Amino acid sequence: MSQQAPQWNFQHLLVEEIKNNGGWVNAHAHIDRAFTITPESLDIYRKHSLEEKWDLVDVVKNASEEEYYRRISMALELMISQGVAAVGSFIDIDPVAEDRAAKAAVRAKEQYKDQISVVLINQVLKGVIEPEARKWFDRAMEYVDIVGGLPKRDERDHGKGSEHMDILLETAKKHGKMVHVHVDQFNTQNDKETELLAEKTIEHGMQGKVVAVHSISLAAHPKEYRERVYKKLQEAEIMMIGCPTAWIDAPRHEDLQPFHNALTPVDELVKYGITVAIGSDNIADYMLPFTDGDMWSELKLMAIGNRFMDLDELVKIATVNGRKVLGIE
Ligand SMILES: [Zn+2]
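As numbered in my numbering, residues 6 to 334 make up the sequence shown, in order.
Encoded structure:
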């Protein structure tokens, strides 16, 4: 019998270390819309931009509290089955969903508390400027642990992305909560929301309390701009969540940009000492039909797509950094 050479399996190695460090943390998801895609509705994904889908998803947000509870429970059980110890999820609380998803999420959080820590964040698909949207945003504060934002919605509709950030930060300050904000999602140099979020964080004295989600477009900018933003992020003590599969489907376009993959530039962020966590983002819904919430697939894509193979850092991204961005470390 020939002697076998030792074989390394990085998945086994990393997953074992992740277990030893308290288990996976899925720092960004939308579990209230999980498993809502069907073959019939797949065309909505194929034919419409993200901005159009902010309203097209209304059809799955008209669900009852029981339907929301079912989706959320299924997503939580999927997380638990993988050894996810904590999940941070946005929950739609707005004029369409009203507080049905929130009530279901609070119930599920309690039901599963011995198996997984659930941190709730309000999603504001209708913005925070329209009076009816603002009413539900304010009401959301009684349900959520963290204030959630989507400045592009109010930038597109009213040219008020900056005011959107002001409202998030003022509200969070008033309630003593952290803030998670979707920024720079379109993989284009027109996006400068990460930079604006850093400036706003300092202006409101919210250093260390703010987390940027995605920041894909950062990588589309020239090196000089990226480095300037990384320094601002350091100064604002902003943390970052990357959701690799979520934007690897960035649509083809003809803009000339520095070569990069459509991913949060984790390799550079880590070099600048910025805390990076990982999320699954949407699971099998109108936004991301093919995603399955598999945390190893997400970590693998983050590592490969950024040529980032620092094993210790990858374990931190999947565990302790996730707890930091969710305010539970
Ligand atoms: Zn999201």
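Heads up, the beta-carbon is just placed ideally off N, CA and C, and yes, glycines get one too. The model shown is predicted, which means the values in this text are computed figures rather than measured ones.
{"Query": "8 Å Cβ cutoff met for residue 247 and residue 288", "Result": "no"}
{"Query": "Contact the segment 191 to 210 vs the segment 254 to 261: 3+ CB pairs below 8 Å", "Result": "yes"}
{"Query": "Whole-angstrom distance between residue 310 and residue 103, CA atom to CA atom", "Result": "38 Å"}
{"Query": "Residue nearest to residue 323 in terms of C-alpha spacing, selected from 222, 40, 21, 117", "Result": "21"}
{"Query": "Residue 330 Cβ short of 7 Å to ligand 1 heavy atom set", "Result": "no"}
{"Query": "Three or more C-beta pairs below 8 Å linking the segment 85 to 92 and the segment 121 to 139", "Result": "yes"}
{"Query": "Start-to-end residues for the alpha helix (DSSP H) that takes in residue 17", "Result": "15 to 25"}
{"Query": "Secondary structure of residue 94, DSSP reduced to three states", "Result": "strand"}
{"Query": "Sufficient close CB pairs (3 or more, under 8 Å) joining the segment 51 to 66 to the segment 21 to 31", "Result": "no"}
{"Query": "Three-state secondary structure (DSSP) of residue 327", "Result": "helix"}
{"Query": "Three-state class that DSSP yields for residue 247 in the structure shown", "Result": "strand"}
{"Query": "Whole-number beta carbon distance between residue 172 and residue 203, since they are thought to touch under 8 Å", "Result": "Their Cβ separation, rounded to whole angstroms, is 17 Å, which puts residue 203 and residue 172 out of contact at 8 Å."}
{"Query": "Proximal residues to residue 255 (C-beta, below 8 Å), its chain only, five neighbours per side dropped", "Result": "191, 192, 221, 267"}
{"Query": "beta-carbon residue 218 near ligand 1 non-hydrogen atom, thresh 7 Å", "Result": "yes"}
{"Query": "Which of helix, strand or coil DSSP assigns to residue 183", "Result": "strand"}
{"Query": "Where residue 282 falls: helix, strand or coil (DSSP)", "Result": "strand"}
{"Query": "Given residue 325 as reference, the closest of 30, 316, 14 once Cα atoms are compared", "Result": "30"}
{"Query": "Boundaries (first-last residue) of the beta strand (DSSP E) holding residue 32", "Result": "29 to 34"}
{"Query": "Cβ-heavy atom distance, residue 297 to ligand 1, below 7 Å", "Result": "no"}
{"Query": "Cβ distance (whole Å) where residue 199 is taken to contact residue 152 below 8 Å", "Result": "Their Cβ separation, rounded to whole angstroms, is 18 Å, which puts residue 199 and residue 152 out of contact at 8 Å."}
{"Query": "beta-carbon residue 180 near ligand 1 non-hydrogen atom, thresh 7 Å", "Result": "no"}
{"Query": "Uninterrupted beta strand (DSSP E) stretches inside the segment 128 to 174 (no shorter than 3 residues)", "Result": "151 to 154"}
{"Query": "Residues bridged to residue 122 (per DSSP)", "Result": "91"}
{"Query": "Extent of the continuous alpha helix (DSSP H) to which residue 65 belongs", "Result": "63 to 66"}
{"Query": "Proximal residues to residue 78 (C-beta, below 7 Å), its chain only, five neighbours per side dropped", "Result": "113"}
{"Query": "Coil, strand or helix - residue 217 by DSSP", "Result": "strand"}
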